[in-house]
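**Student:** Those sequence lines, one after another, are chains F and C.
The opening residue of the first sequence carries number -12 in the working numbering; numbering runs sequentially from there.
The opening residue of the second sequence carries number 59 in the working numbering; numbering runs sequentially from there.
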Amino acid sequence: MSEALHAEWTKLRTLPGTGWLLLGAVAATVIISATVSAAVSCSSTAACHVDVTRLSLTGTYLGQAVVALVAVLAVSGEYGTGMIATTLAAMPGRATLLATKAAVVTAVTLAAGTLAVLGSVVAGQLILPGHGYNPANGYPALSLADGTVVRAAAGTVLYLALIALLSLGIATVVRDAAVAIGVVLGLLYLFPILTQVVGSPGVARHLQQIGPMTAGLEIQASTGQAHLPIGPWAGLGVLAAWAAAALLAGAVVLRIRDA
Amino acid sequence: MTATMTPERSGTEAGDRDSFGRLVHAEWTKFRTVRGWVIAVAIAAALTAGVGLYAASGPQSGCQPAGPQGPIGPPAPCRPSNPVGPGGEAVSDSYYFVHQALHGNGSITARVTSLTGRSSPPGGGIAPGPNPEQNFTSGIQPWAKAGIIVTASTRQGSAYAAMMVTGGHGVRMQYNYAGDTPGLPGAVSAASPRWLRLVRAGETLTGYDSADGTHWIKVGTVTLAGLPATVQAGPFVTSPAWIRGQDSGLTVATAVFDHVSMPGPQRGVGWRGVSIGAQAPEASSLPGRFRAAGGTFTVTGSGDIAPAGPGPTNIGMPADDGFVGAFAGLIVVIVVGAMFITAEYRRGLIRTTLAAAPARGRVLAAKAVVIGSVTFVAGVIGAAPVIPVGASLLRSHGNYVFPMSALTEVRLVAGIAALLALTAVLALAAGTILRRAAGAITAVIAVSVVTYFFSVPLAVLPASAANWLLRVTPAAGFAIQQYIPAYPQVNNVYTPEHGYFPLPPWAGLGVLCLWAAAALCLATVLLRRRDA
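1. Taking DSSP's pairing of strands, which residues face C:Q232 in a bridge?
2. Nearest by alpha-carbon distance to F:D133: which of F:A15, F:V23, F:Q112 is it?
3. For chain C, find out if any of its Cβ atoms is closer than 8 Å to the Cβ of F:L241; answer yes or no.
4. Based on DSSP bridge pairs, tell me the residues matched to C:T356.
5. Classify C:H157 as helix, strand or coil using the three-state DSSP reduction.
6. Can you check whether the CB of C:T312 is closer than 8 Å to the CB of C:T358?
7. Cβ of C:P243 within 7 Å of any heavy atom in the ligand NAD?
8. Using a C-beta cutoff of 8 Å, does F:G117 count as contacting chain C?
9. Scan the stretch 143 to 154 of chain F for residues whose Cβ lies nearer than 7 Å to a Cβ of chain C and list them as they occur along the chain.
10. With DSSP collapsed to three states, give me the class of C:G125.
11. Under 7 Å between beta-carbons, which chain C residues line up against F:I180? List them in chain order, please.
12. Within 10 Å of its beta-carbon, does C:G125 have 16 or more other beta-carbons around it, so buried, or fewer, so exposed?
13. Thinking C-alpha only, which one of C:S178, C:S250, C:K203, C:K425 is nearest C:G395?
14. Do three or more CB pairs link the stretch 76 to 86 of chain C to the stretch 422 to 437 of chain C at distances below 8 Å?
15. Is F:R244 buried or exposed, if buried means 16 or more other CB atoms sit within 10 Å of its CB?
16. DSSP state of C:I474, grouped into three classes?
17. Roughly how many whole angstroms lie between the Cα atoms of C:R302 and C:A544?
18. So which residues of chain C does F:S20 contact, with C-beta pairs closer than 7 Å?
19. Between C:M397 and chain F, is any beta-carbon pair separated by less than 8 Å?
20. From C:I503, C:V551, C:V502, pick the residue whose C-alpha is nearest to that of C:A521; which is it?
21. What's the gap between the Cα of C:R494 and the Cα of F:T68?
22. What does F:L113 touch in chain C if you count any residue whose Cβ is under 7 Å from its own?
23. Excluding the five sequence neighbours on either side, which residues of its own chain have a C-beta within less than 6 Å of the C-beta of F:G100, listed in chain order?
24. By DSSP, does C:L254 sit in helix, in strand, or in coil?
25. Could you name the residues of the same chain whose beta carbon sits closer than 8 Å to that of C:I503, not counting the 5 residues immediately before and after it, in chain order?
26. Give the DSSP-derived three-state secondary structure of C:A336 in the structure shown.
27. Consider the Cβ of C:V390: report whether some Cβ of chain F lies at a distance smaller than 8 Å.
28. Do we get a CB-CB distance below 8 Å when we pair F:G169 with the residues of chain C?
29. I want to see whether chain C comes within less than 8 Å of F:L105, judged by CB atoms only; does it?
30. List in chain order: all unbroken alpha helix (DSSP H) runs of 4+ residues lying wholly within the stretch 521 to 587 of chain C.
31. Going by DSSP in three states, C:S431 sits in which element: helix, strand or coil?
32. Can you tell me whether C:Q290 is helix, strand or coil according to DSSP?
33. Given that C:T481 touches chain F, what residues does it touch there, using C-beta distances under 8 Å?
34. Could you list the residues in the stretch 50 to 65 of chain F with a C-beta less than 9 Å from some C-beta on chain C, going in chain order?
35. Counting along the chain, where does the alpha helix (DSSP H) carrying C:A148 start and finish?
36. Can you give the Cα-Cα distance for F:A58 and F:L155, rounded to whole angstroms?
Next up, the structure:
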């Protein structure tokens, strides 16, 4: 098992794109978070009904796309080059292969996600008070000593890891990188766009509860929890279910299909 | 001797066109023989239509004009609707009108000496009982209007021209709802009154203003097609709803007129007051009143005479909401567009392609023509049913849908198809630049779909930042779906969130065009320079 892990780690590490993409994921998350934090302003307590914690983590919406790309390439890259045949010859346990790939991709995503989230929170701490989100207007400073902020921050790191696992599973099923990334990003972004136009509030709420992104990102909510379509941890659970289903489907087709 | 030369080799312009035609044919053959791509484009069309129609089948509008804080007016019956103006567009047409018939040509003159206003508190504030305005606070709306109007009839949506003073924008000449020409600046008061005059000659109306009643300045001339011989003319007052952030409410304005003159049997006799639109289903105004004493008219009115668009104070939905299905289609065409070239790199086919057609720029151009045409056709097929079927679905559920002309409908369908086609070409260029499908797809989705997503449905960005993104990124192309223009002279919340894009429809599509063209140029340069 440790040899398998080492092999997967070597493959991922030595791909020319991986490092840059992970750096890109961190940069995209932090830059978007900081830009949004700098773009909002709050002049009085009445004017701004904003969830500051969620706001400071806005970059997740973009960063997750890059994380998904890393995960997709970890699988589809092997199919694209034919490497998969060598891999499976060396490591005939296909479930083991998928598990080690998942472990390695999860590990790098957790590392990059931690950097991205810490960067975003620090940017929020530095920028938001200057734009009116300060104790004087009823917004205590963002602090990692606050349990809600910790839940949102740690939850976002887990969210990114689950997105990576979802992408990994989908990529294993469809094999082609282009189709896989299209399916993943379609799945992520179409749910929230749909909820905007489905006029019936009941259906819209239901869509928010089952959408991997809409449900999963409720982990970032720090205010108005009574009105959330789904609770923070339950929402992350929905995303975990999506990821588990994708991985399971990936494991099944990997087992029964010729490589 | 020369007769034996084959024309194809002669290198003439016709020969070049011919060889480009063959390139397009070759690329078309590549496209149509990959079953996955053909299926994907069919799915894109099906998603565009299906998701759009699904979105249109759901909504049920309430039966009361509702602001975010609750009802903003008295209960209205279901199936609200806006009056329809002379151009077929939805309009607001509510005001207090003191009128007489004007037979044939003639002119009407009046002096306005005061314009004041009062506003309801947030969340309604209409007191029950005989005095609905008792909780109002004083303050004039910048676009409160008082002046003289010549209108085809007192029916809502009639053709008109009017000269008016406004709460904060000086004298204006407005006509047929959308037209607006500035006159004398400054606010009106007893010390600084405004004289207004409208002269009717056939279908032509000319507006004049004056500060003293002797020196007149022409503000504008308009032609109202089909204006009947007998029209209604006289003083009017109206005042639009106020909107601040998420709150809104009704307002009233009161103006004092004197020196009102119009050809008629007797001066000061025969004036009748009527609240235009106060009984209308949408009830976006309060009933007005007027008092005449010794040639001085004190008129109070509420509402607006202006084009109507979706916004916090206006119930109803634009039919272009149904184009949400194009997003689903967009992601699919991005995937196909990028793969159209990256698949060749992956399989090494690119070397065969370039050996057969060494002019690399033209190979890329042929690919762009094929993928653009295919996705355009798919877009037309997917978008065509969305507006007519979607709008009738919405209406059958009791929703009000803003009307659009047949020409606008054609423009919207062609525009959505062009949006898909240009984005597919952008993806093709990105695929050529990056040579990797997944990276190209992620990049194009990030700059188009995700940017739109940040600006509109998510709405985390303040309007200024969202407007900036929708001007400079490929997401500007989404502006093509807007068919109800924003008017500076109408109080509304013109944000992307409410369906108003910062660029006009074709300009927005133009920005996307520039992106696609720039990406194609870069792709051509790289394709020429790099080994395949």
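The beta-carbon is built from N, C-alpha and C at its ideal position, and this holds for glycine as well.
Every value quoted in this text rests on a predicted model; they were computed, and no experiment measured them.
**Tutor:** Taking the definition as stated:
1. Bridge pairing for C:Q232: C:A220, C:D238 [DSSP].
2. F:Q112
3. no
4. For C:T356, the beta-bridge partners assigned by DSSP are C:V314, C:R349.
5. In the structure shown, the three-state DSSP call for C:H157 is strand.
6. yes
7. Questions concerning the ligand NAD fall outside what the structure shown contains, since it holds no ligand whatsoever.
8. no
9. none
10. Since pLDDT at C:G125 reaches only 47, below the 50 mark, its modelled position is unreliable, and no value is offered.
11. V382, F385, F511, P515
12. At C:G125 the pLDDT is 47, less than 50, meaning the model places this residue with poor confidence; the figure from the coordinates comes in the next sentence. Taking a 10 Å sphere around the C-beta of C:G125, we find 16 or more other C-beta atoms and assign the residue as buried.
13. C:K425
14. With three or more CB-CB distances shorter than 8 Å, the stretch 76 to 86 of chain C counts as touching the stretch 422 to 437 of chain C.
15. exposed
16. The answer is helix: DSSP assigns C:I474 an H, G or I state.
17. The C-alpha of C:A544 is placed about 17 Å away from the C-alpha of C:R302.
18. The contacting residues do not exist; F:S20 stays about 10 Å from chain C at best.
19. yes
20. C:V551
21. 12 Å
22. Under the 7 Å cutoff, chain C gives no residues; its nearest Cβ is about 19 Å from F:L113.
23. V144, L147
24. strand
25. I389, I392
26. coil
27. yes
28. yes
29. no
30. 521 to 530, 563 to 587
31. helix
32. strand
33. Within 8 Å Cβ-Cβ: nothing; C:T481 doesn't reach chain F, min ~13 Å.
34. A52, V53, A55, L56, V59, L60, S63, G64
35. Where C:A148 is concerned, there is no enclosing alpha helix (DSSP H), because DSSP gives it neither an H nor an E.
36. 5 Å
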